[in-house]
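Quick note, the sequences are listed as chains L and E, same order. All the letters of the first sequence, read from the start, carry residue numbers 0 to 396 under numbering that gives the first Met the number 0. All the letters of the second sequence, read from the start, carry residue numbers 0 to 249 under numbering that gives the first Met the number 0. Take a look at the structure set out below.
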Amino acid sequence: MTLDLRNEKGTPLDRQRFTWRELVSPPISKLDDDAFTRVRIILMNGIELGSNRTLHSMARINGPLRRELARVRRVEQHQATMVNWLLPADQSPLETTIAYEQVAIEVTASLALNEPDPYLAQNYRFGLLEDFDHLYRYSALLDRLTGKDANNILQSYTDVRPGRPTIVEHRHPDDDVRRPYDRRAAAPITKLNALTLVYGEQQTQDYYMNIGPLFADPLARQLYAEIASIEEQHVTQYESLLDPDETLLEKWLLNEACEVYNYYSCVAYETNPRIKAIWERFLDYELGQLRHVMGLMQQLEGRDPAELLPATLPEPIKYESHRDFVREVLRDEVDLRACGDEIVPLERDGRASIAYRDHMNSQGSPSETVAAGYRWAPGTEQSPEAPARSQKGMAAQ
Amino acid sequence: MKNGNVSIRVGTNRTGVGTSPLLTQAMLASVAEGLPSSPGNSGAVAAVRIDYARQAEPLGTMPPPATLKGVFKTAVEVLKGNKPSFFLDKVGERLAFERTGSRLYEAVISKFDAYGTWDGGPGRAELVAIWADEVSHFELLNQAMLRLGADPTAMTPSADLAAVASMGLLQVVTDPRTNLAQTLQAALIAELTDNDSWLTLTDLAASLGHDELAAEFQRAHRAEEMHLAAVRQWVTAHALAEAKRGDASP
């Protein structure tokens with residue numbers, strides 16, 4: 000399937016309508032659906048909510064566009080609802096967290112691999128190893144708090160093992176701000192990749208901030224507090240890659256193109272026909288929204304939006320296991336650190352970040368505590384076949 | 000109704016490693032390379048729990064007596080060497096549980112209407128009768144709180160705890176994907192704890208000299224015993240029937 004972004008009309012904005020019944024359709028099966036269907040649902044909720052948030056920010060600094068922004072935002076809010084409500088009620092917040100980290104790992108890996116700008120690709124690999132570690136910590140929490148196996152959610156697509164340890168991911172804010180791409184020189188895919196990651200990470204931060212207090216267990220509350228803080232760092236990192244000199248309409252146009260690209264990728268890989276029909280419908284909606292914003296750009300800025308859009312969409316995001324790539328990145332880059340806007344070797348770790356991290360960890364490290372000696376095994380660490388069967392936990396008290 | 004009360008079919012469950020042997024083999028090879036970043040075991044979790052528990056405040060308190068009668072009754076009970084707030088907390092717990100129980104059975108009845116029943120399963124009228132009992136038990140406890148000079152609208156600490164403990168039951172009965180048989184499994188959990196709790200409450204009332212209340216609570220307990228017996232019977236009948244079902248579903 001190829002799409003001509005500049006000429007596709009999509010569904011006109013005024014025909015993008017919903018009923019409450021449509022918004023709340025049957026959820027996927029936690030047990031039977033493919034893990035990547037869940038991954039796509041989570042990412043697309045993030046993309047819709049991220050776009051919605053961007054458009055809200057625009058409305059706060061631009062009077063004349065407020066009605067246009069409100070019209071598109073309303074549809075986006077309903078799209079996000081219809082997508083996010085596909086998650087089933089038997090999927091606990093902690094199980095959903097496992098899936099969020101799977102999204103972060105597999106999607107970031109795919110974007111890192113198809114990113115032509117080496118600086119951005121390096122940043123993606125840098126963030127990837129941190130989210131990879133979060134999956135390991137949350138898997139330990141799921142096992143040790145509830146006796147459940149994270150692989151029931153991951154379906155063996157994504158590894159559960161330490162990445163760059165969360166305890167060393169804490170950095171001074173100055174060391175999370177990167178250099179932006181150049182809006183005039185960057186390839187369209189570079190812009191779409193960066194927006195995808197900003198939105199994915201932003202929803203992850205929001206999710207952890209909302210569900211952290213739902214847990215009774217103090218270590219679970221601590222772990223969510225710790226990892227939500229890293230997600231704030233990641234949003235800072237990824238959003239700083241966006242060129243701040245893009246005009247407001249340029250940003251809006253890219254926003255819509257990003258949504259088109261993401262639904263296009265979902266359509267390419269979806270295996271559940273009912274969910275695929277939703278992706279197809281929303282791809283048409285996004286093409287309609289893109290068309291609408293193209294018209295606004297021509298009208299208000301007198302610019303040809305074709306200058307900013309690729310003639311055809313790049314290769315879709317690959318919804319598949321990136322095990323080999325992640326292992327390679329782990330092997331080569333786990334010891335890297337960030338200092339200023341550079342990714343640096345361990346020995347050049349910044350003093351401000353070291354001081355910040357030392358203080359944050361000075362009363363204990365939730366991520367180290369939860370995974371003390373933890374090694375994932377099929378069926379949890381309590382499984383009789385687990386190599387490092389940890390039955391001594393209580394006996395040690 | 001797509002599946003009636005057939006709860007289990009063989010399909011495409013992907014959660015176990017057995018459904019993805021090649022991926023799992025690669026996963027195990029990769030996981031073997033990654034060593035934990037800190038030594039220890041799950042006992043580390045307990046240390047944090049104990050540390051926080053030692054500094055924790057309770058969930059909350061009982062409200063002061065709601066009326067002058069309540070103040071007087073409290074004073075009398077204290078003079079008798081009793082702790083009236085403990086009893087009121089437990090009455091408040093049952094009150095809240097019964098009030099939620101009626102909502103639970105409303106959802107169960109919807110499942111009856113959506114999925115139907117089975118040989119040896121409940122009739123609609125039987126479910127409605129249990130629901131009506133839950134409502135009347137709530138009303139009984141509401142009156143009891145008023146007679147004791149307490150505020151029946153307050154959420155007592157034990158009421159709060161019991162609601163947290165049974166959160167999953169409401170999730171099970173209101174999920175459209177669960178059938179009547181599955182919702183009755185949740186109702187069975189509720190009935191089991193309800194039975195024990197009524198027994199304790201009746202004993203408490205008797206031991207504190209609230210003879211009239213003790214008699215009323217005993218009648219409620221008898222009704223709850225009948226609920227428990229009925230739900231058990233329906234659940235067992237369903238399990239035996241489905242386990243031996245000779246249809247196409249293995």
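We put the beta carbon where it would ideally sit given N, CA and C, even for glycine. These numbers come from a predicted model, not from an experiment.
Quick check: is the beta carbon of residue i nearer than 7 Å to any beta carbon in chain E?
i: L:N360; result: no
i: L:D357; result: no
i: L:A371; result: yes
i: L:P63; result: no
i: L:R143; result: yes
i: L:P217; result: yes
So, with DSSP's three-state summary, where would you put residue i?
i: L:A337; result: strand
i: L:V343; result: strand
i: E:T18; result: helix
i: L:T311; result: strand
i: L:D116; result: coil
i: E:D202; result: helix
i: L:D174; result: helix
i: L:D331; result: helix
i: L:D216; result: coil
i: L:D244; result: coil
i: L:D142; result: helix
i: E:D112; result: helix
i: E:D174; result: coil
i: E:D159; result: helix
i: L:D3; result: strand
i: L:E285; result: helix
Would you report the Cα separation of residue i and residue j, rounded to the nearest angstrom?
i: L:P217; j: L:M57; result: 39 Å
i: E:A238; j: E:R231; result: 11 Å
i: L:E269; j: E:E215; result: 60 Å
i: E:M0; j: E:S37; result: With a pLDDT of 40 at E:M0, under the threshold of 50, the predicted position of this residue should be treated as unreliable, and no value is reported.
i: L:D148; j: L:Y137; result: 11 Å
i: L:N261; j: E:A240; result: 48 Å
i: L:G211; j: E:D50; result: 19 Å
i: L:T368; j: E:S157; result: 32 Å
i: E:A247; j: E:G3; result: Residue confidence for E:A247 is low, a pLDDT of 43 falling below 50, so the modelled location carries little weight; the figure read from the coordinates is stated next. Distance between the alpha carbons of E:A247 and E:G3: 14 Å.
i: E:P20; j: L:R322; result: 15 Å
i: E:V77; j: E:G100; result: 33 Å
i: L:I279; j: L:V259; result: Residue 279 of chain L is actually Glu in this sequence, not Ile. Straight-line Cα distance between these residues: approximately 10 Å.
i: L:E231; j: L:H171; result: 12 Å
i: E:R255; j: L:S264; result: Any question about residue 255 of chain E goes unanswered here, given that chain E covers just 0 to 249.
i: E:L87; j: E:A149; result: 7 Å
i: E:T201; j: E:E190; result: 16 Å
i: E:N178; j: E:W117; result: 12 Å
i: E:E32; j: E:V90; result: 57 Å
i: E:T199; j: E:L227; result: 16 Å
i: L:R73; j: L:L308; result: 24 Å
In chain L, which residues lie less than 7 Å from residue i when you measure between Cβ atoms?
i: E:R8; result: In chain order: nothing, as chain L lies at least about 10 Å away.
i: E:Q217; result: Under the 7 Å cutoff, chain L gives no residues; its nearest Cβ is about 35 Å from E:Q217.
Against residue i, what residues of chain E qualify as contacts under a CB-to-CB distance less than 8 Å, listed in chain order?
i: L:Q154; result: R13, T14, T18, S19, L22
i: L:P164; result: S36
i: L:D33; result: R13
Along chain E, in chain order, which residues have C-beta atoms closer than 9 Å to that of residue i?
i: L:T368; result: S37, G39, A43, V44, A46, V47
i: L:R322; result: L22, A25, M26, S29
i: L:P187; result: In chain order: nothing, as chain E lies at least about 33 Å away.
i: L:N150; result: T14, G15, V16, T23, M26
i: L:L295; result: Under the 9 Å cutoff, chain E gives no residues; its nearest Cβ is about 42 Å from L:L295.
i: L:L407; result: Lying before the first or after the last residue shown, residue 407 of chain L is absent from chain L, which here runs from 0 to 396.
Which residues in chain L have a C-beta closer than 9 Å to the C-beta of residue i? List them in chain order.
i: E:V30; result: D158, V159, R160, R374, W375, A376
By the 10 Å Cβ neighbour count, where 16 or more other Cβ atoms means buried, how is residue i classified, buried or exposed?
i: L:S24; result: exposed
i: L:H55; result: exposed
i: L:E249; result: buried
i: L:Q362; result: exposed
i: L:K190; result: buried
i: L:T157; result: buried
i: L:A34; result: buried
i: L:W19; result: exposed
If we define contact as Cβ-Cβ less than 7 Å, is residue i a contact residue for chain L?
i: E:Y114; result: no
i: E:Q54; result: no
i: E:Y51; result: yes
Cβ closer than 7 Å: which chain E residues qualify as neighbours of residue i?
i: L:A88; result: Q170, D174
i: L:R326; result: S29
i: L:D116; result: In chain order: nothing, as chain E lies at least about 28 Å away.
Is residue i close to chain B, meaning its C-beta is less than 7 Å from at least one C-beta of that chain?
i: E:G33; result: Structure shown: chain B not included; protein chains present are L and E.
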